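Colleague: Got a structure here, written out as structure tokens. Questions coming.
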Amino acid sequence: MGLALITATFAVALFGIPLAIGLAEFAVSEEHSSLQRLAGFAARSVQSDMAHDRVPRALPDGPSDAAVALYDADGALLLGAGPSEGDAAVDYVLGGRTGLPPADDLVVAVPVSGLHDIVGVVRATAPSSQVYASVMPIWLGMAALAAVVLVSTWLLARRLALRLSRPLDRLVDDADRLGDGDFGISPKRSGIAETDRVSGALSRTACRLDDLLARERAFSAEASHQLRTPLAGLRLRLESALDAAEPMTRPQIEYGLGSIDRLERTIDELLALARERQTTSAPADLPRLFSEFDDEWRPRLTRDGRSFSSLLPGSLPEPDASSAAVRQILGVLLDNALLHGAGDVSISAREVGENAIAIDVGDQGPGVPSSALTNRDGGRGMGLPLARRLAESEGGRLTVGTTSAPVTLLLPSRSRAGSAEGSEDPASTAKTTG
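Numbering that gives the first Met the number 0 applies: residue 0 is where the sequence shown begins, and numbers increase by one.
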């Protein structure tokens, strides 16, 4: 809208200013011609008297704003209103020195010819201010017309801007709703072909996403049922075996039941994450998670002759991430260290900057290549792509260092939620600091 108003102002100025100057010059030219005619008529009316050395009684009347004077061959005033001595215009006609007329007046000088030479000069003049005063109403009318044009342009531009912005605002609202998971978007026609096409495409996209998610949720429910059924059967068999178990085999059976519990919890958490229920899941409780990891992974590593250690500072702020996601990510990293690493395994947490937390999982093996974060072909780190996607969905990042360096999970801390809007991304800060 501002650009349209500036363009209209420039166009009006580009057209109006030269027109106003042209009108003023035309008015001056017309006044000059009028004075020329008046002086010529006066010269003809006094020619007979001047040729016979007689002073005319009077000069013809002209417009009220015009002054007419008669000068003799020596430049002396004989009759009329004018300077007592001839000015530059009179001298020019008499053949004397040349010069310019006064800047604030229009001056015309016409010779009065005798039989053989010039016997006098008729001088006619009018103030230039009167000419510009006659042009002033036209200038004011042009200025008023320009103002009307600019106001009309502003009103039209504002109307067009509103007509264009409202459909775009609706598209932004629909896109926000789609991003929040609301797929009930219906196209609204605005009469603008481009925005109508975008609105229709957005509505079709919402329908396709709704159908896709519905199929995925149905598949997840069926897969959950297919996974839970054999696990339930295995649990019944282990519980039956536990009742009649010998003291030597009871710990193994109890460990198997614990593994089933962990599998069922993993299934529940993965399904919840797949259905995007992070916003309703419990926030990560690091002391509880570290305690669970110690109970789960220490015995498994001990059986392989390896040790497990954990370090959690007491003053560490809470991560701004769901407990299910953090458990799954760290579970993948610990499982990777168990299966593909070597030596002792450690997990530790530390604060990075003011808005982030880093959780390091390391072992004494050769380390994890950075390509493992995106590799889906199996082999070492085959679960890392899933862990990376989970970390990114929580606003964090999964990074690997050089050889033998730990894999680091960077997460935003709770202080991030209370920080001012527009502050630096905590995950980015953590990456730089860590």
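Glycine residues also receive a C-beta, built at the ideal position from the N, C-alpha and C atoms. Only a predicted model underlies this, so the values are computations on that prediction, with no experimental measurement involved.
On the CB-based measure, 16 or more other CB atoms within 10 Å of its CB, does Glu-440 come out buried or exposed?
Modeller: Nothing about residue 440 can be reported from this structure: the residues present for the chain run from 0 to 433 only.
Colleague: Indicate whether the contact test is met: 3 or more Cβ pairs, each with one atom in the stretch 36 to 44 and one in the stretch 121 to 137, closer than 8 Å.
Modeller: Enough Cβ pairs lie closer than 8 Å, so yes.
Colleague: Using only the alpha-carbon positions, how far apart do Gly-15 and Met-141 sit?
Modeller: Their backbone Cα atoms lie some 7 Å apart in a straight line.
Colleague: For Leu-285, which residues does DSSP report across the bridge?
Modeller: In the DSSP output, where bridge partners are listed per residue, Leu-285 has none listed.
Colleague: Determine the extent of the alpha helix (DSSP H) in which Glu-193 is found, giving its start and end residues.
Modeller: Residues 192 to 242.
Colleague: If you follow the alpha helix (DSSP H) that Val-331 is part of, which residue opens it and which one closes it?
Modeller: Per DSSP, Val-331 belongs to the alpha helix (DSSP H) from 322 to 339.
Colleague: For Leu-226, collect the residues of the same chain with a Cβ closer than 7 Å to its Cβ; drop the 5 residues on either side in sequence, then sort them by chain order.
Modeller: These residues qualify, in order along the chain: Ile-266.
Colleague: Take Gly-340 and list the residues in its own chain whose beta-carbon comes closer than 6 Å to its own, dropping the five residues that flank it on each side.
Modeller: These residues qualify, in order along the chain: Asp-362 and Gly-364.
Colleague: Report the CB separation of Leu-163 from Ile-137 in whole angstroms; it is logged as a contact under 8 Å.
Modeller: That pair is no contact at about 38 Å.
Colleague: Check the C-beta distance from Leu-397 over to Leu-385 and give it rounded, since I have them as a contact under 8 Å.
Modeller: No, Leu-397 and Leu-385 are not in contact; Cβ-Cβ is about 10 Å, not under 8 Å.
Colleague: If you check the beta carbons only, do Ala-125 and Leu-105 fall under 8 Å apart?
Modeller: Cβ distance < 8 Å, so Ala-125 and Leu-105 count as in contact.
Colleague: Which residue's Cα is closest to the Cα of Leu-37: Ile-356, Ala-108, Ile-5 and Pro-411?
Modeller: It is Ala-108.
Colleague: Specify whether the stretch 297 to 314 and the stretch 337 to 353 touch according to this definition: at least 3 beta carbon pairs, one from each stretch, less than 8 Å apart.
Modeller: Yes, the stretch 297 to 314 touches the stretch 337 to 353.
Colleague: Closer than 7 Å by C-beta to Ala-390: which residues in its own chain qualify, once you throw out the five before and the five after it? Chain order, please.
Modeller: Once the five neighbours on either side are set aside, the close Cβ partners of Ala-390 are Ile-328, Arg-396, Leu-397 and Leu-408.
Colleague: Quick check on this structure: which residue in Glu-291, Ser-322, Arg-299 and Ser-306 has the alpha carbon closest to the alpha carbon of Pro-282?
Modeller: Taking only the C-alpha atoms, the option nearest Pro-282 is Ser-322.
Colleague: Rounded to a whole number of angstroms, what is the C-alpha to C-alpha distance between Val-367 and Leu-332?
Modeller: If I take the Cα positions, the gap works out to 10 Å.
Colleague: Given Pro-17, which residues of its chain have a CB within under 7 Å of its CB, disregarding the five upstream and five downstream residues?
Modeller: Around Pro-17: no qualifying Cβ.
Colleague: Quick test of your reading: Ile-252 and Ala-240, contact by CB under 8 Å. State the CB separation rounded to the nearest angstrom.
Modeller: Indeed, because the Cβ distance is near 6 Å, the residues count as touching under 8 Å.
Colleague: Nearer than 7 Å: is that true of the beta carbon of Ile-266 relative to any heavy atom of the ligand SAH?
Modeller: Absence of the ligand SAH from the depicted structure is noted, as is the absence of any ligand whatsoever, leaving it without description.
Colleague: So if DSSP puts Val-112 in a beta bridge, which residue, or which two residues, is it bridged to?
Modeller: The residue you asked about is not Val; residue 112 is Ser in the sequence shown. Ile-117.
Colleague: Can you give the Cα-Cα distance for Thr-248 and Leu-256, rounded to whole angstroms?
Modeller: Rounded to whole angstroms, Thr-248 to Leu-256 spans 13 Å at the Cα level.
Colleague: If you draw a straight line from the alpha carbon of Gly-477 to that of Pro-411, how long is it in whole angstroms?
Modeller: Given that the chain is displayed from residue 0 to residue 433, the structure contains no residue 477 and the question cannot be resolved.
Colleague: Alpha carbon to alpha carbon, how far is Ala-243 from Arg-236?
Modeller: Going by the C-alpha atoms only, they are around 11 Å apart.
Colleague: Determine the burial state of Gly-81: buried for a count of at least 16 other Cβ atoms within 10 Å of its Cβ, exposed for fewer.
Modeller: Gly-81 comes out buried.
Colleague: Leaving aside the five residues before and after Ala-336 along the sequence, list all residues of the same chain whose C-beta is less than 7 Å from its C-beta, in chain order.
Modeller: Answer for Ala-336: Val-344, Val-360 and Asp-362, listed in chain order.
Colleague: Just the C-alpha distance for Thr-204 and Arg-299, rounded to the nearest angstrom, thanks.
Modeller: Their Cα atoms are separated by approximately 47 Å.
Colleague: Can you tell me whether Thr-194 is buried or exposed? The criterion is at least 16 other CB atoms within 10 Å of its CB, across all chains shown.
Modeller: Looking at its Cβ environment, which holds 16 or more other Cβ atoms inside 10 Å, Thr-194 is buried.
Colleague: Candidates Leu-78, Glu-245 and Arg-188: which alpha carbon is nearest Asp-48's?
Modeller: For the residues Leu-78, Glu-245 and Arg-188, the minimum Cα distance to Asp-48 belongs to Leu-78.
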